[in-house]
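Structure, as C-alpha cells:
Residue numbers (our numbering), protein chains in the order written: chain A, 12 to 244; chain B, 1263 to 1583; chain C, 117 to 423; chain D, 17 to 407.
Below, the structure is given as C-alpha cells:
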C-alpha cells in the first residue's frame, strides 16, 4: 500500500536521505530501524510532507505523496504518532482527541473517544486534564489515540516507546497488536529490537540515509551480523 | 581597486558621490538638493546607529526616533531660553553644551529604557521600545513651554568653534564627516571582541551565556552606544531643520528608520546609508508626482520585504563573491 | 467626589475598553495562531467603518448596513491574507512590521482615493440616537449602551468559540503546534485564512460601531492599532482572556485619566499647568503601564502556555 | 542613484532656463489625511480665483504650485522650503493650521518672500513675531472666539465649560473667549489633536460642571464628530452649544445627508458668510456653487481672497516683482475687493474687520447653509497688535 522508491531529502543544502527504498503491504507491521541520526525521522517527515522530499517517489495506494500538502497526505489515511508525542499542551486530553478527528475514508466503524478509552482505560479519568499536565505514558497513549481518531489505514509511530517505563511500553505494544488485528497497517520507528521482532512482519534498516538491509523478522533474528553492524546490538 | 569586493566598491562609490554631488548642487544654485542631501546624510547616521543594534545585534528597536528628538531638543531648548529668557542653567547658544546635552540625555534615556526593554524578547521587545518612544513623544507633546505639539522653531543654531552651522556647506561637511566616522565606528565595534559577542548573542544567546558572557550587559552597552549616536544625529537634524516637534519621535518615524536599514541591507556597512538615500529620494520623487504617493511607496515597502533578501546591498553580493 | 460623574465615566471607559477588545481580540488571535504581527489590522477597522458608512446610505439603515458590512469586511480580510499576509508568515517579526506598515500606507491611501478625504458621518435610527437616564443625573447615549452590549456579547461568543467549539480547539492547537495540526489532516492554510477573516470581521465591527460616533475617517486605524498592540502585549500575546482584561483596564485608565487627572493635578500644580499636563500624561499612561508590566512580567499578564 | 540625481538636476536646470514672465505662487495646504477636506476646498477656491483673473496678474502668467503639508508642521516646513528654494516662488500663501504656519514662516520670510496666511492666525505672528512681508487674508485666532464671548455676554450666559484641541489654534481660541466673556469658566478640557475624536469623557464632565453653556472649537472633521456626539448625549436643552469654526460648509452637507437636524439653528461667529452682499462675494459663491455643487466654506473664501490680495500687489507694480516695497504698500492698503467687504490692515498686517453671528438655516433650495443674524463687531482689531514693533 505504501511504496517508497529512491527518496532523497535535504535540510537546506545538506542532504539527509540518499535514495530510500521501502514498501509496506496491507495489514503488515513494518519497522524502520537504525542508529540515531541516520534519517529515520526524516523519512517519516518526508512521507507526511512535513519536510518536502527533493527527489524520488512515495506512492500510497496509487497516489504520489511527494510535493503533496501535509494535511492532504494525512487525509488519504495516514495517521502520525510523532516523535516526542507533540501533544497540544493547551488543550485537554479530550480536546486533543476531538480537535483533529475525522473520517475522510468513511470507515464503517469509526474510532470514537469511547473506543480510545477502551483501548487505553487509564486515559478516561484524565480526560479533562490539560495536555501539558499528562505523564509521558499518558501523552504517548493520547498521541496514538489522536492518530486513530483520524481513522487512518496506516499508522506511523515515531519513537513511540522512547523514555517510557517497561510496563507502559508493554501496554503500547499490546495496543499496537490490537490495532493490527483490526486490519490497520503500521510503520514503526523504534529501538526496541526485541519487542519489534515479535510484533513486526518486515524490517528496514537505514544507515546514512539509505536502506542497507531489509527482510522478515525471522531473517533479522538470524542475521546477528546485521544486528550488530547496523544497530549496535 | 582590484581587491575590493563588489560590495566594497559600491560603498566607496556611494560615499564619493555623497561627498561630491551635494556641494556641486549648492554651487550651481540648487540649494534644495543640498538640503535633501543633508537630510539624507543625517538620517543616514541615525540608520547606521540603528543598524548596530538591529542588524548586528538582532535588537529590533521600534522607538529609535526618540533619540533623534532628544538630540534635536537638546539644541532647541537651550537656544530657546537663550533667545527668550528663563532656565538660566542651560540657556545658551554654545554648541558644545548642546552636544554634551544631546549625547548625555540620549545615553541616560538609552540606559534606562534599554535596561528594562532588554529583559524582554521578540515582539515584546519591539513593542516595549515603541512604548518608550511614544512616552518621549507624549512627554514633549505636553511640554507647553516648548509649544508642545506645535513644535519649536530654533532661531539661533548651535555655535561651534571653527564651524559655522549657518553655512549649508559647513553643516553638510560636518554631517558627512560624522557619517563616515559613524560608519567606521560601527565597523570597529563589530569587528572587535565586543562585536563578536554581540553578533554571537544574536545568533544563539544561550550558547554565548553558557560560554560565560553576560550578554545582557553587552546588549545594553550596544543599545546605549546606538542611542548616543542617534542622539548625535538628532543634534545635527535640529541644527539643520531649525524646527523641531514631538512628531520627530512618533512611532511611524521609528518605523521609517527601521525601513531604511532593511531597505539598504541590515548588518552591512553602507546598507543603512543606501537605504536612507533611496528612501528619501523615492519619497521626494513620488511626492512630486502625486499626492497619493503613499500608495506606490507602500507597495514598494511590501515588495522589498517580500522579494529583496538582505536589502539592496544584497543585490550587489550576488553570485560573484 | 461626584459619584454620578464617576459612574458615567466608568461606563464610557467600559465602552472604550470593549471597542479596544474587539480590535485586540482579532489581533491576538492572528498573532497567537499565526505568529504574525499585523499593523494593517487597524486599516481593516477603518475599512469596516467605511463599508458600513456607505451601506448605511444605500440600505437606509445602520443595523442592516452592519449585517451586510460584516461579511464584506471578512472577505476583505480573507483577500488580504491570500494576497499579502500569507507570504509573510515564514519571515521574522521585523519583516511583518515593515510589510504590514507598507500595507497600512496602501490601504489608507486607497481609502482616500475611494471615499475621499472628508470621511462619512453615519446617521443612526431614531431609537438609537437618543439617551437614557439610568438614575438621576446619569444620562447615557443609547448607542453607547448598545456598544457595551455588543462588546460583551461578542466577548462571550468569542470565549465560547475558542473554548467550546472544534474550531476553537483547532485555533488553540494551531497556536501551539501548526505542523502537528497539519499532519493530522487539517488544512492549516484555510484555518489561517478563516482566523484572519474572523479577526478582520471583529476589527471591522469595532470600526462600524465607532462610525456613528466619530464618523468614518481615513487614518482612524493608525491610532487604534498601536493601542490595540499595547492591549495584547499587556494581556500576553495570544491570550483572549488577557486581551479582554487589558482592554478594559486601558479603556478605564484612558477615560478616567482624561476626566479626573486634571483635578488630581490641581492638587500639586496650578490650574493652567494642570489643564495642559493632564491630557498628555493621560495619553502617556497606557505606555507607562505597559512598560511597568513588561518590566515585571516580560511575557505580559497572561502568557498562554503554548510553546 | 547617480544617474537619477543628474537627471533630476538636468530637469531643474531646464525649468530654470525656461523662466518666462510669470508670477510664481506657492500654496501650502492639506491635501492628504482627514485635514484634506479643508485643503481641497481651498484648492477649489484658489483655482476659481485664478480663473476669475483670467490666469493673469499684472500682465504676468500665474504659475501656481500646491504643496501638501500632510497635516504636520514638519512636513509643512519641508514643502515650504522646497517652494522657496527649489521652485523659487514669489509668494507663499495658504496654511490652514496655526502650528504649520509657525513652523514654516521663517523659511519664507528669511528668503525675503511674501507670506500670506489664508487661515491660520496664531498670536505670535500677530504680535512679537510680526513681519513686514507677512499678511493675513483671514483673521487672528483670538478674534472669532472674542466675538463669541461678546455674544455670550449679550445672551446673558453666566458660566461656560470649554472644550478645545490641544494645539496652537485651540489655545488661541480658549484665550480669545476668556478675554471677552464676563461670566465664569467652570472648566477647560484640551484634547489630543488631531487624533482624539471621541469626546464622551469631556462631555460628561461638561455636563457635570453645571455650566450654562458649552464653548467649543473643533475645525475640520473633528467638528462633525463633536456635533454628533453632543447631540447623542442629549445636551441640547441642558447645555447649549456655542462654537467657533466647528460647523462649516464642509460639514453641513454631511449633516444634511445624515439628516442631523439638531444642527439647524446653531450659531457661531465669523468674519464672512455666503450671504454677504457685495459683487465679489456674489460672483464667488455663485460660481463656486455652479462648479462644485456646494457652498464654499470660509476656508475657501479666505483662500479666494488671498489670491486677489496678491493680485492687487502684482497689479500695483505692473508686474515688476522686484519692487517689494510697492507690492507691500499695495497689500497693506487692502484696496482689493474682498468677499467679506472692505476691511483695513493693522500695523501687524492682520485685518481689522467686522465679525458676524451666523446661524445654520435651509436655503430656498432646501440646502443647509448659513445666514447672518447680527453684527457683533464692526471693525475689530486683534489684541496682539500692540506687541508688534511695526507701525
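Beta carbons: idealized from backbone N, C-alpha and C, even for Gly. Computed from a predicted structure; not experimentally measured.
So the candidates are the options; which of them puts its Cα closest to the Cα of residue i?
i: residue 199 of chain C; options: C:313, C:237 and C:295; result: C:313
i: residue 395 of chain D; options: D:402, D:404 and D:356; result: D:356
i: residue 118 of chain C; options: D:366, D:287 and D:220; result: D:220
i: residue 120 of chain C; options: C:159, C:186 and C:375; result: C:375
i: residue 304 of chain C; options: A:204, A:86 and A:114; result: A:86
What first and last residue would you give for the alpha helix (DSSP H) that runs through residue i?
i: residue 53 of chain A; result: 51-59
i: residue 1449 of chain B; result: 1430-1453
i: residue 258 of chain D; result: Per DSSP, residue 258 of chain D belongs to no alpha helix (DSSP H); it is in the beta strand (DSSP E), 257-260.
i: residue 284 of chain C; result: 282-292
i: residue 26 of chain A; result: Taken as a continuous stretch (DSSP letters only), residue 26 of chain A belongs to no alpha helix (DSSP H), being part of the beta strand (DSSP E) at 25-35.
i: residue 62 of chain D; result: 52-68
i: residue 100 of chain D; result: 89-101
Please tell me whether residue i has its Cβ less than 8 Å away from any Cβ of chain F.
i: residue 211 of chain D; result: The displayed structure is made up of protein chains A, B, C and D, and chain F is not among them.
With a CB to CB cut of under 6 Å and the five nearest residues on each side skipped, what residues in its chain are close to residue i?
i: residue 1566 of chain B; result: 1525
i: residue 160 of chain D; result: 260 and 285
i: residue 31 of chain D; result: Caution applies to residue 31 of chain D, whose pLDDT of 47 falls short of 50 and renders its modelled position unreliable; the model cannot decide the point.
i: residue 1488 of chain B; result: 1311, 1314 and 1315
i: residue 215 of chain A; result: 33, 43, 222 and 225
i: residue 121 of chain A; result: 114 and 162
Between which two residues does the beta strand (DSSP E) holding residue i run?
i: residue 175 of chain D; result: 175-181
i: residue 205 of chain C; result: No beta strand (DSSP E) holds residue 205 of chain C; DSSP gives it neither H nor E.
i: residue 177 of chain C; result: That residue, residue 177 of chain C, is in no beta strand (DSSP E); it is neither H nor E in DSSP.
i: residue 1340 of chain B; result: Looking at the DSSP string, residue 1340 of chain B is not in any beta strand (DSSP E); the run it does join, the alpha helix (DSSP H), is 1327-1346.
i: residue 68 of chain A; result: 66-71
i: residue 285 of chain D; result: 283-286
Is residue i close to chain B? Criterion is C-beta to C-beta, closer than 8 Å.
i: residue 217 of chain C; result: yes
i: residue 144 of chain C; result: no
i: residue 153 of chain C; result: yes
i: residue 365 of chain D; result: no
i: residue 293 of chain C; result: no
So what does residue i bridge to, in DSSP terms?
i: residue 353 of chain C; result: DSSP output for residue 353 of chain C lists no bridge partner at all.
i: residue 396 of chain D; result: D:369
i: residue 292 of chain A; result: Any property of residue 292 of chain A remains undetermined from this structure, which presents chain A solely from 12 to 244.
i: residue 204 of chain D; result: D:178
i: residue 21 of chain A; result: A:26
i: residue 199 of chain C; result: In DSSP, residue 199 of chain C forms no bridge with anything.
i: residue 81 of chain D; result: D:42
i: residue 169 of chain A; result: A:200
Give me, in chain order, the residues of the same chain whose beta-carbon lies closer than 7 Å to that of residue i; leave out the 5 immediate sequence neighbours on both sides.
i: residue 381 of chain C; result: 390, 393 and 394
i: residue 35 of chain D; result: At residue 35 of chain D, the pLDDT of 48 sits below 50, so the modelled position is not reliable; the number obtained from the coordinates is stated separately. Counting only Cβ-Cβ distances below 7 Å, and skipping sequence neighbours, we find nothing.
i: residue 1581 of chain B; result: Low confidence applies here, because residue 1581 of chain B scores a pLDDT of 41, under 50, leaving its location unreliable; read the following figure in that light. The answer is none, since no qualifying residue turns up.
i: residue 1519 of chain B; result: 1308, 1309, 1312, 1326 and 1327
i: residue 302 of chain D; result: none
i: residue 182 of chain C; result: 168 and 324
Is there a Cβ from chain D that is less than 8 Å from the Cβ of residue i?
i: residue 1530 of chain B; result: no
i: residue 1581 of chain B; result: Low local confidence applies: a pLDDT of 41 at residue 1581 of chain B is under 50, so the model's placement there is unreliable, with the coordinate-based value given in what follows. Chain D contact via Cβ: absent.
Report yes or no: is there a C-beta of chain A within less than 8 Å of the C-beta of residue i?
i: residue 424 of chain C; result: No answer is possible for residue 424 of chain C: the residues shown for chain C start at 117 and end at 423.
Spatial neighbours of residue i within its chain, please: CB distance less than 8 Å, with the 5 preceding and 5 following residues excluded, ordered by chain position.
i: residue 403 of chain C; result: 346
For residue i, decide whether its Cβ has a neighbour in chain C, counting only Cβ atoms nearer than 8 Å.
i: residue 18 of chain A; result: no
i: residue 275 of chain D; result: yes
i: residue 232 of chain A; result: no
i: residue 207 of chain D; result: yes
Within the present structure, is the beta-carbon of residue i separated from the nearest heavy atom of the ligand MG by less than 7 Å?
i: residue 182 of chain D; result: This structure lacks the ligand MG; in fact it carries no ligand of any kind.
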